[in-house]
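The structure appears right after this line, and notes come after that.
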Amino acid sequence: MYCNILLYCHIIRNTVINDFGHRGIHVEAKVAKQIAEQYYGRKALKSYYQGCSTGGRQGLQNAQLYPDDFDGILAGAPGIDWLHIVASKGILARRIGWPDLTSDVYVRPEQWKAIVAKQIELLDPLDGVEDGIIDNPAAHALDPAIMACGTGLLNSSLCLKPQQVASVRAAYEPLADSEGNIVYPGFALGADTSVFSANRVNGTAELNYKVLQDFWRGAVYNDSTWTPHNFTVKDMDFAVKLNPGGVNAAEGDLQKFHAKGGKIISYHGQADQTITPKLPAEYYAKVQANLNATLDDMHSFYQLFFVPGMYHCSGGPGAFDIGQVYPLKKDRLTAKENVLLALTKWVEEDQEPETIVGAKFDSNGASVKAIGERKYCPYPYESKWDGSGNTTKADSWRCKLPGV
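For the sequence shown, my numbering gives the first residue as 1, with consecutive numbering after it.
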């Protein structure tokens, strides 16, 4: 039978679903080790994994299910609760009135750009450095009612009507399942909302975020005609219960990986527009609870670095280059500036990373040298300006616990 919907045609196959969900990286690791041994004549001394987004999820999921595959795992912006992450795009779009583009509650994409810009303008100065960055969005709250028409904060073409205020407020609330249990944290203030607000194409109601439609069509419902236009919490709950390919990896059970001496470095942008930065913090707490571990215990095998001003995996106004951006810069090939080198040094020399220095380059990428650097700290420590030094220099930043 001919199938003309490319991703759907693949995702209806159980082998593909299982490989995407949990098995693919495990098989690759086994085969890669066999190839390396055959080529070099001896077994590899250490094995490493690096991935971001779905790749980050696959790294942490591999540590849970196949703890012997890797000695060190670098997991960027991990989509560890993948089904809730993807479902959230449909639910948030529905919360803001989509697919009825004429509804009184519908918030237009151009309004969202103004809303996010105003969030950054108002919250950026609170960390002491005005750099167009909200250092820790989870530490703040901002009622969208201040952007209502009549307040003067937004012009008359972009301000929010009362019904729209309620829509925007709902977009930042956590997701709950059909039984009222919170299953996914709220969207981050200051992050680009286009993953759910870019929801009209040529004047019609279409989500630009196609992953939701493709995965639910193929792996969840096996129905090529299904669309997310009427997506509800029940669609989310059904997919989570089905869990195609075991794709959800939110259990946080790293006991075997911890026991074998494995090491994990994870990083996440505080301006991530695809996966809210609240999620990795919740996952970290879950791992800690499962191990009944102290913070020192956690830092001895699993370190999470938040990068203010970084988008999903890379990019953004912050000093986001921590060695995950290719091609690598020749003058930034040390464990202090490169997360992968920090991981290998940790595994092979037992030198735990204390900080990672991120770099920012000019917008057109022409700079050979960084135009700004910032020191990042293992969670829950935060990178704080010392109050006097040059904010573009790494030495002007200190690691402090929140509120200190």
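Cβ atoms here follow ideal geometry from the backbone N, Cα and C, with glycine treated the same way.
Contact between the region 163–176 and the region 53–64 (3+ Cβ pairs under 8 Å) | Result no; under three Cβ-Cβ pairs closer than 8 Å.
Enumerated in chain order, which unbroken segments of the beta strand (DSSP E) with a length of 3 residues or greater are wholly contained in the region 251–337?
-> For the region 251–337, whole beta strand (DSSP E) runs of length 3 or above, ordered along the chain, are 263–269 and 302–307.
Glu426 versus Ser300 - alpha carbon distance | It is not possible to answer for residue 426, since the shown part of the chain is limited to 1 through 404.
Are the beta-carbon atoms belonging to Gly323 and Leu341 less than 9 Å from one another?
-> By one-based count along the sequence shown, residue 323 stands at place 323. By one-based count along the sequence shown, residue 341 stands at place 341. Yes, Cβ-Cβ distance for Gly323 and Leu341 is below 9 Å.
Residues sharing a beta bridge with Cys52, DSSP | To locate residue 52, count along the sequence shown from 1; it is residue 52. BP columns for Cys52 point to Gly76.
For Ile134, the three-state DSSP class (helix, strand or coil) = Looking up residue 134 in the sequence shown gives position 134. The answer is coil: DSSP assigns Ile134 none of H, G, I, E or B.
Could you spell out where the alpha helix (DSSP H) holding Trp112 opens and where it closes?
-> If you number the sequence shown from 1, residue 112 lands on position 112. Where Trp112 is concerned, the enclosing alpha helix (DSSP H) starts and stops at Pro109 to Leu123.
State yes or no: is the C-beta of Pro78 within less than 9 Å of the C-beta of His268?
-> Counting from 1 along the sequence shown, the entry for residue 78 is found at position 78. Counting from 1 along the sequence shown, the entry for residue 268 is found at position 268. Taking a C-beta distance under 9 Å as the contact criterion, Pro78 and His268 qualify as a contact pair.
When we look at the beta-carbon of Pro277 and count the other beta-carbons within 10 Å, is it buried (16 or more) or exposed?
-> In the sequence shown, residue 277 corresponds to position 277, counting from 1. Answer is buried; the Cβ neighbour count reaches 16.
Give the single residue among Leu122, Gly55, Gly76 and Ala285 whose Cα lies nearest to the Cα of Leu154.
-> By one-based count along the sequence shown, residue 154 stands at place 154. Closest option to Leu154, Cα to Cα, is Leu122.
Helix or strand or just coil, what does DSSP make of Asp68?
-> As a first step, residue 68 must be located in the sequence shown, where it is residue number 68. In the three-state scheme derived from DSSP, where H, G and I count as helix and E and B as strand, Asp68 is classed as coil.
Cα separation between Ile5 and Ser224?
-> Position 5 of the sequence shown, counted from the start, is the residue given in the question as residue 5. Position 224 of the sequence shown, counted from the start, is the residue given in the question as residue 224. Caution is warranted here: a pLDDT of 48 is assigned to Ile5, below 50, making its placement in the model unreliable, and the coordinate value is therefore given only provisionally. C-alpha separation (whole angstroms): 8 Å.
Rank Glu373, Ala285, Val247 and Ala293 by C-alpha distance to the C-alpha of Pro308 and give the top, closest one.
-> Translated into positions along the sequence shown, residue 308 becomes position 308. Comparing Cα-Cα distances from Pro308 to each of Glu373, Ala285, Val247 and Ala293, the minimum goes to Glu373.
What number of angstroms, rounded off, separates the C-alpha of Ala176 from the C-alpha of Ala239?
-> Position 176 of the sequence shown, counted from the start, is the residue given in the question as residue 176. Position 239 of the sequence shown, counted from the start, is the residue given in the question as residue 239. Approximately 14 Å between the Cα atoms of the pair.
Sub-9 Å separation of Leu409 and Leu279 beta-carbons | The structure shown does not extend to residue 409, since the chain is modelled only from 1 through 404, so no value can be given for it.
Excluding the five sequence neighbours on either side, which residues of its own chain have a C-beta within less than 6 Å of the C-beta of Tyr209, listed in chain order?
-> The sequence position of residue 209 within the sequence shown is 209, counting from 1. Setting aside the 5 residues that flank it on each side, Tyr209 is surrounded in the same chain by Lys89 and Val195, each with a C-beta closer than 6 Å to its C-beta; the list follows chain order.
Pro125 burial status per 10 Å Cβ neighbour count (16 or more: buried) = Counting from one through the sequence shown, the residue named residue 125 turns up at place 125. Burial check for Pro125: the Cβ neighbour count within 10 Å stays below 16, so the residue is exposed.
Counting only runs that start and end within the region 147–205, where is the beta strand (DSSP E) found for 3 or more residues in a row?
-> Counting whole runs of 3 or more residues, the region 147–205 contains the beta strand (DSSP E) stretches 182–184.
Three-way DSSP call (helix, strand, coil) for Gly372 in this model = Along the sequence shown, one-based indexing puts residue 372 at 372. Reduced to three states, the DSSP call for Gly372 is strand.
Would you report the Cα separation of Tyr405 and Cys377, rounded to the nearest angstrom?
-> Because the chain spans 1 through 404 in this model, residue 405 falls outside it and cannot be assessed.
Test item: CB-CB of Ser266 and Leu74 under 9 Å | Residue mapping note: residue 266 aligns to position 266 of the sequence shown, counting from 1. Residue mapping note: residue 74 aligns to position 74 of the sequence shown, counting from 1. In contact: Ser266 and Leu74 (Cβ atoms closer than 9 Å).
Relative to the alpha-carbon of Gly21, which residue among Val220, Ala370 and Lys393 has its alpha-carbon at the smallest distance?
-> What you label residue 21 is simply residue 21 of the sequence shown in a count that begins at 1. If we check each option's Cα against that of Gly21, Val220 comes out closest.
Can you give me the start and stop residues for the beta strand (DSSP E) that Lys393 sits inside?
-> For the purposes of this step, residue 393 is taken as the residue at position 393 of the sequence shown. First-last for Lys393: undefined, no H or E at that position.
If you drop the 5 nearest sequence neighbours on each side, which residues of the same chain put their C-beta closer than 7 Å to that of Asp127?
-> Against the sequence shown, residue 127 aligns to sequence position 127. When the five nearest sequence neighbours on each side are left out, the beta carbons in the same chain lying within less than 7 Å of the beta carbon of Asp127 are those of Asp135, in order along the chain.
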